[in-house]
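Residue numbers (this note's numbering): 733 to 936.
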């Protein structure tokens, strides 16, 4: 399945050079409601303690199904001056995020309450719907994961296969930058504006 990951130019070039992708952890996700369920008769401090239990255990690779949304490029690709990587990932590893009105309710009196926990990681407030997000959940204790300056990365592989890169409409790349994509065998495509739509399109 083809999915997209948006980045600032600096990080995109570094990830290409080192053949890796940064892992999002619970501590650095941009939505404070991530993994923040509505648990019956539980205080916010209890929920935070529950969340902290998964620090160092649970991480995510985050992607979008939509390439041309200008809001995505503005928010995640340095105001259109960054890049977007297109990956091919087996569908079985990708989990679709659901967009809802309120946090998932969990009753601790239910015998099956633990089965609801995975759903907590896949629900976000409906205003995030523009992201069209899919995720790969990762066990941060895996020996496949690389650490660099307190950040965690997943190396490219057949299950995380980089197949193409797109530069934003304000992205400025040197010839050295472009040669790096050529060296790695990755096609580099410029995004462009269409006067007929607000959706950005790859320059044919």
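Positions of the beta carbon are idealized from the N, C-alpha and C atoms, including for glycine.
Counted within 10 angstroms of its Cβ, other Cβ atoms place residue i as buried (16 or more) or exposed
| i | result |
| --- | --- |
| residue 752 | buried |
| residue 894 | buried |
| residue 924 | exposed |
| residue 881 | exposed |
| residue 747 | buried |
| residue 919 | exposed |
Residue(s) in a DSSP beta bridge with residue i
| i | result |
| --- | --- |
| residue 827 | 867 |
| residue 942 | For the chain, the structure presents residues 733 to 936; residue 942 sits outside this window and is missing. |
| residue 897 | 817 and 920 |
Cα-Cα separation, residue i to residue j
| i | j | result |
| --- | --- | --- |
| residue 857 | residue 738 | 20 angstroms |
| residue 927 | residue 917 | 32 angstroms |
| residue 791 | residue 867 | 10 angstroms |
| residue 908 | residue 848 | 49 angstroms |
| residue 939 | residue 886 | The structure shown does not extend to residue 939, since the chain is modelled only from 733 to 936, so the question has no answer here. |
| residue 875 | residue 884 | 11 angstroms |
| residue 777 | residue 795 | 30 angstroms |
| residue 735 | residue 815 | 14 angstroms |
| residue 811 | residue 773 | 42 angstroms |
| residue 760 | residue 906 | 31 angstroms |
| residue 890 | residue 820 | 8 angstroms |
| residue 765 | residue 871 | 21 angstroms |
| residue 897 | residue 831 | 28 angstroms |
| residue 763 | residue 826 | 20 angstroms |
| residue 758 | residue 829 | 16 angstroms |
Residue from the options with nearest C-alpha to residue i
| i | options | result |
| --- | --- | --- |
| residue 771 | 764, 782 and 763 | 782 |
| residue 929 | 812, 862 and 800 | 800 |
| residue 742 | 733, 734 and 754 | 754 |
| residue 869 | 784, 803 and 851 | 851 |
| residue 839 | 749, 769 and 789 | 769 |
| residue 879 | 788, 813 and 853 | 788 |
Beta-carbon proximity list for residue i, same chain, < 6 angstroms, skipping 5 on both sides
| i | result |
| --- | --- |
| residue 888 | 751 and 894 |
| residue 805 | 812 and 900 |
| residue 922 | 899 and 935 |
Contacting residues, own chain, Cβ-Cβ under 8 angstroms from residue i (five flanking each side not counted)
| i | result |
| --- | --- |
| residue 786 | 758 and 767 |
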